[in-house]
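Each residue of the sequence shown is one higher than the last, beginning at 449 in the working numbering.
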Amino acid sequence: MVAIAFLVFGTYAMASNWDAASVAFDPAPLVNPEVGNIPTITTYTPTLQIQFPHYFSSQAQGITWDGTYYYACGYDAAVETYDANGGFVRSVTIGINAVRSVWMYNNQLYLKGLSLDLFTVDPVTGTTTTVMPGFFHDTNAECCYLNGYVYEHLAGTIWKIDITNGTTVQTITLSPNYVYGYPIATNGTHLFFEGAFTGTTIYVYNFDGSYVESFAVPYGDWSWTLSYCNNMLFTGDHGPGGNWYGYSLGGATCSDVNMVSDTSPVIVPRGGTFGYTGYLNNPLPDPVAHDVWVGVNYQNVFH
Numbered sequence: 449m450v451a452i453a454f455l456v457f458g459t460y461a462m463a464s465n466w467d468a469a470s471v472a473f474d475p476a477p478l479v480n481p482e483v484g485n486i487p488t489i490t491t492y493t494p495t496l497q498i499q500f501p502h503y504f505s506s507q508a509q510g511i512t513w514d515g516t517y518y519y520a521c522g523y524d525a526a527v528e529t530y531d532a533n534g535g536f537v538r539s540v541t542i543g544i545n546a547v548r549s550v551w552m553y554n555n556q557l558y559l560k561g562l563s564l565d566l567f568t569v570d571p572v573t574g575t576t577t578t579v580m581p582g583f584f585h586d587t588n589a590e591c592c593y594l595n596g597y598v599y600e601h602l603a604g605t606i607w608k609i610d611i612t613n614g615t616t617v618q619t620i621t622l623s624p625n626y627v628y629g630y631p632i633a634t635n636g637t638h639l640f641f642e643g644a645f646t647g648t649t650i651y652v653y654n655f656d657g658s659y660v661e662s663f664a665v666p667y668g669d670w671s672w673t674l675s676y677c678n679n680m681l682f683t684g685d686h687g688p689g690g691n692w693y694g695y696s697l698g699g700a701t702c703s704d705v706n707m708v709s710d711t712s713p714v715i716v717p718r719g720g721t722f723g724y725t726g727y728l729n730n731p732l733p734d735p736v737a738h739d740v741w742v743g744v745n746y747q748n749v750f751h
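Shown next, in the form of structure tokens:
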């Protein structure tokens, strides 16, 4: 009989003996102590999950999700609401023209218009409130939100801004810069950008600005519409008569996992145990939790 004593040290890491959990979202590779390392997975495979029309007379810009409804913005001075299946619920006029981006924070709908100010809007009444004048760096920039920070993008430069006080805590430069000047989205693992005008080429970058890869999506003809919400990457068409397209992305980056033997060579007496220590490298800007497959190859069988 072979038993395992296993500890993992890393950023919010979790493991348990003989536990079939995963170190990636999809697929879930095995940690084999004899191999000792799992390479980083960086390939995304977009699959269309939802498609529904928007009713903007001009440019569609961004879309977000509050757990029940989708809220979308555009160059019309309006916010559109859709149900979970994309069914149209309402459109309300707001006091801000040319909305660039929308996102949810503290159960409120936040938006950036063609200005430097940060706003909230009531998607039922259309009432807008100025939260913080001069919050942004550029009127034309677009943005996305993650874990208390707004990521504002313009032409390959990203400003990471604390949403509570407007402090810019980091400036990120894309290198090399393949992207169009405005749209940005994130799934919490990577930053996503669009290619010029077509909206069908998506460029993937790490949070330090380093390039990862690109992939194509089949639909979306407008390069200002990129958003990530409800576990999907959204692209869209120019209005009127355009659609929103939501894609699941399949695989995602996992942290590198290095298994180090507590003793070498590993000699296990009958009824005894041995140990491996795992070290997790977290490439993300915020703490994350990873479950881990734990097992051993014994007589050419992985347990």
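We put the beta carbon where it would ideally sit given N, CA and C, even for glycine.
Tell me whether Val-550 sits in a helix, a strand or coil according to DSSP, three-state version. strand
Is the Cβ-Cβ distance between Leu-674 and Phe-640 less than 8 Å? yes
Residue range of the unbroken beta strand (DSSP E) whose run includes Val-569: 566-569
As assigned by DSSP and simplified to three states, the class of Gly-674: The residue asked about is misnamed: residue 674 is Leu in this sequence, not Gly. Here Leu-674 sits in coil by DSSP.
Taking the DSSP output, what are the residues bridged to Gln-509? Per DSSP, none; premise fails for Gln-509.
How would you call Gln-509, buried or exposed, if buried means at least 16 neighbouring beta carbons within 10 angstroms? buried
Continuous beta strand (DSSP E) stretch holding Pro-755: start and end: With the chain covering 449 to 751 only, the question about residue 755 has no answer from this structure.
When DSSP labels each residue in this structure, what does Arg-817 get in the three-state scheme? Shown here, the chain extends from 449 to 751; a query on residue 817 therefore has no answer.
Candidates Asn-613, Cys-521, Cys-591, Leu-697, of which the one nearest Gly-444 by Cα: The first residue shown for the chain is 449 and the last is 751, placing residue 444 beyond what the model contains.
Which listed residue (Ala-589, Asn-588, Ser-563, Pro-571) has its alpha carbon closest to that of Met-580: Ser-563
Alpha-carbon to alpha-carbon, Thr-578 and Asp-656: 31 Å
Buried or exposed for Gln-497, going by 16 or more other Cβ atoms inside 10 Å? exposed
Based on the DSSP output, what are the partners of Pro-501 in its beta bridges? Asn-691
From Ser-658 to Arg-718, what does the alpha carbon distance come to, in whole angstroms? 49 Å
Between the Cα of Leu-697 and those of Thr-683, Pro-688, Asn-691, Gly-690, spot the shortest distance and give me the residue it belongs to. Thr-683
Between which two residues does the beta strand (DSSP E) containing Ile-650 stretch? 649-653
Check the C-beta distance from Trp-551 over to Asn-678 and give it rounded, since I have them as a contact under 8 Å. Their Cβ separation, rounded to whole angstroms, is 12 Å, which puts Trp-551 and Asn-678 out of contact at 8 Å.
Between Gly-543 and the rest of its own chain, which residues show a CB-CB distance below 6 Å, the 5 nearest in sequence each way excluded? Thr-576
Rounding to the nearest angstrom, what Cα-Cα distance links Tyr-553 and Pro-666 in this structure? 30 Å
Should Glu-528 be labelled buried (16 or more other beta-carbon atoms within 10 Å of its own) or exposed? buried
CA nearest to the CA of Val-547, picked from Gly-522, His-686, Asp-685: Gly-522
Straight-line gap, Phe-416 to Asn-545 (C-alpha atoms, nearest Å): Coverage of the chain is limited to positions 449 through 751, which leaves residue 416 absent and any answer about it impossible.
Suppose contacts are defined by Cβ-Cβ distances below 8 Å. Is His-686 in contact with Val-660 by that definition? no
Just the C-alpha distance for Glu-642 and Leu-557, rounded to the nearest angstrom, thanks. 24 Å
With a CB to CB cut of under 6 Å and the five nearest residues on each side skipped, what residues in its chain are close to Tyr-626? Tyr-651
Could you please give the first and the last residue of the uninterrupted beta strand (DSSP E) stretch that includes Ile-620? 616-621
With H, G and I counted as helix, E and B as strand and the rest as coil, what does DSSP make of Leu-562? coil
Run through DSSP, which three-state label would Phe-682 get? strand
Buried versus exposed call for Gly-694 [16 or more other C-beta atoms within 10 Å across all chains shown]: buried
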